[in-house]
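The opening position of the sequence shown corresponds to residue 1 in the UniProt record's numbering, with each subsequent residue numbered one higher.
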Amino acid sequence: MTAATSDTSGISDPSGISAVDSARVPSAARARTYDDLVTRVRAGELGPDPRTRRIAVAFTTRQAVRHDGRGTGYRNEVLSLRLAGAVGSCAVEPGALSDSAVEECVGADVAELLDHPLLPVRVAALDAYLMHITPHTPEHGARPVALPAGTSLEKSRARARAVVELLDLPPGATVLVVGVVNSLLEQLRSHGIGYAPCDLKGGVTEWDEPVVTNALAAAARCDALLVSGMTLGNGTFEPLREHALRHGKRLVLFAQTGSAVLPRLLGRGVSAVCAEPYPFFWLDGGPGTVHHYRADRPGGAR
Numbered sequence: 001m002t003a004a005t006s007d008t009s010g011i012s013d014p015s016g017i018s019a020v021d022s023a024r025v026p027s028a029a030r031a032r033t034y035d036d037l038v039t040r041v042r043a044g045e046l047g048p049d050p051r052t053r054r055i056a057v058a059f060t061t062r063q064a065v066r067h068d069g070r071g072t073g074y075r076n077e078v079l080s081l082r083l084a085g086a087v088g089s090c091a092v093e094p095g096a097l098s099d100s101a102v103e104e105c106v107g108a109d110v111a112e113l114l115d116h117p118l119l120p121v122r123v124a125a126l127d128a129y130l131m132h133i134t135p136h137t138p139e140h141g142a143r144p145v146a147l148p149a150g151t152s153l154e155k156s157r158a159r160a161r162a163v164v165e166l167l168d169l170p171p172g173a174t175v176l177v178v179g180v181v182n183s184l185l186e187q188l189r190s191h192g193i194g195y196a197p198c199d200l201k202g203g204v205t206e207w208d209e210p211v212v213t214n215a216l217a218a219a220a221r222c223d224a225l226l227v228s229g230m231t232l233g234n235g236t237f238e239p240l241r242e243h244a245l246r247h248g249k250r251l252v253l254f255a256q257t258g259s260a261v262l263p264r265l266l267g268r269g270v271s272a273v274c275a276e277p278y279p280f281f282w283l284d285g286g287p288g289t290v291h292h293y294r295a296d297r298p299g300g301a302r
């Protein structure tokens with residue numbers, strides 16, 4: 001993906017956040033950029049010194065899926081780190097993470113892992129720390145949304161409804177979808193919303209639509225952005241956030257990766273987040289919960 005140019009025009013507060021946003025976004029969310037958030041965590045500005053918090057458990061979750069009635073399938077692999085009662089996660093390309101990289105995380109403190117050479121490890125460590133100090137509760141701006149029990153496809157569709165609800169787009173609008181999930185595309189189609197599917201792997205959708213690989217080029221012709229948290233783990237998130245901020249477009253994130261990270265950027269290009277911490281909807285058939293965050297609601301919640 002190519003980079004977007006940052007533009008802070010129209011923002012009067014030197015912190016980069018308007019007075020309105022400051023009143024509505026949870027205090028822990030007032031980071032200007034992803035790197036700013038990392039810097040503040042390293043400095044202990046948001047909670048305990050990260051050098052004093054150690055990762056007890058590190059593990060990967062791997063899945064291959066092909067829902068009944070679907071013509072295509074996919075694979076997922078996620079690195080998760082356990083910090084006290086919290087679990088932070090970051091998706092990786094299947095097979096990209098070695099066993100030794102996982103083992104290196106066990107017993108390491110969060111500050112060490114924020115400097116790890118692998119970006120997914122750094123993201124998972126940040127997510128675990130933020131989940132530890134600001135879990136998904138109403139006090140921190142989250143609104144729980146129940147997912148019913150069901151088959152893998154039923155739960156996928158229920159999650160898609162919860163995500164698309166946050167877009168607030170009229171029929172006829174066009175949204176860039178970064179991280180192709182067929183249930184999300186299906187839900188957009190049912191609402192009469194057009195989309196440009198984008199994924200670094202390219203390919204085609206369930207409906208044989210070409211998947212583009214240059215997100216920013218496609219974003220120029222879209223009214224809003226619907227983006228996977230996986231962009232944190234592959235380094236493509238910040239240009240998309242900057243594009244949304246610069247052009248005043250709605251940016252909604254569906255986040256298994258970085259579910260506790262992305263709500264901290266509400267009001268700085270991020271409009272809303274559907275946060276889904278571990279365990280994810282695809283792990284079992286029982287009921288589950290995702291969490292809505294909105295920059296345009298008091299406390300960030302609806």
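Note that the Cβ used here is the ideal one computed from N, Cα and C, for glycine as well.
- Item | Close-in-space but distant-in-sequence residues of the same chain around PRO14 (CB under 6 Å, 5 per side omitted) | Because PRO14 sits at a pLDDT of 26, beneath the cut-off of 50, its placement in the model cannot be relied upon, and the point is left open.
- Query: Could you give the distance in angstroms between the alpha-carbon of LEU262 and the alpha-carbon of LEU253?
  - Reply: 8 Å
- Message: For the pair the stretch 119 to 134 and the stretch 241 to 253, tell me if three or more CB-CB distances fall below 8 Å.
- Response: no
- Nearest neighbour of LEU226, chosen from HIS191, LEU167, PRO94, THR52 [CA to CA]: LEU167
- Should GLY286 and SER228 be called a contact, given that it needs their Cβ atoms to be closer than 9 Å? no
- Considering only C-alpha positions, which residue in the set ASP109, ASP99, ALA64, VAL92 is nearest to ARG42? ASP109
- Message: If you reduce the DSSP assignment to three classes, tell me which class ALA244 lands in.
- Response: helix
- Is the stretch 213 to 220 in contact with the stretch 156 to 163, if contact means three or more CB pairs nearer than 8 Å? no
- Message: Please classify THR257 as buried or exposed, where buried requires at least 16 other C-beta atoms within 10 Å of its C-beta.
- Response: buried
- Query: What residue ranges within the stretch 121 to 175 form continuous beta strand (DSSP E) runs of no fewer than 3 residues, ordered along the chain?
  - Reply: 143 to 147
- Buried or exposed for VAL290, please, with buried defined as at least 16 other CB atoms from any protein chain shown within 10 angstroms of its CB. buried
- Given that a residue counts as buried once 16 or more other Cβ atoms are within 10 Å of its Cβ, and exposed if not, what is ASP7? Here ASP7 scores only 26 on pLDDT, less than 50, and its place in the model should not be relied on; the value that follows carries that caveat. Per the 10 Å Cβ criterion, exposed.
- Query: If you pair each beta-carbon of the stretch 169 to 178 with each one of the stretch 186 to 194, do three or more pairs fall below 8 Å?
  - Reply: yes
- Query: So, is VAL25 buried or exposed, given that buried needs 16 or more other C-beta atoms within 10 angstroms?
  - Reply: Bear in mind that the predicted position of VAL25 carries a pLDDT of just 37, short of 50, making it unreliable; the figure below should be weighed with that in mind. It is buried - the Cβ of VAL25 has at least 16 other Cβ atoms within 10 Å.
- Going by other Cβ atoms of all chains shown within 10 Å of its Cβ, with 16 needed for buried, is SER98 buried or exposed? exposed
- Query: What are the residues that DSSP puts in a beta bridge with ASP208?
  - Reply: ASP208 pairs with nothing; no bridge assigned.
- Can you tell me where the alpha helix (DSSP H) with SER271 in it begins and where it stops? SER271 -> no alpha helix (DSSP H), and no H or E assigned at all.
- Are three or more beta carbon pairs between the stretch 80 to 97 and the stretch 267 to 278 nearer than 8 Å? yes
- Give the single residue among ARG82, ALA64, THR231 whose Cα lies nearest to the Cα of HIS132. ARG82
- Assign LEU283 to one of two classes, buried (16 or more other C-beta atoms within 10 Å of its C-beta) or exposed (fewer than that). exposed
- Count the other CB atoms, across all protein chains shown, that sit within 10 Å of the CB of ALA64; report buried if there are 16 or more and exposed otherwise. exposed
- Rounded C-alpha distance that separates PRO138 from THR151: 29 Å
- Alpha-carbon to alpha-carbon, GLU112 and GLU45: 17 Å
- Item | TYR34 (DSSP reduced to helix, strand or coil) | helix
- Message: What residue range does the alpha helix (DSSP H) around GLN187 cover?
- Response: 182 to 190
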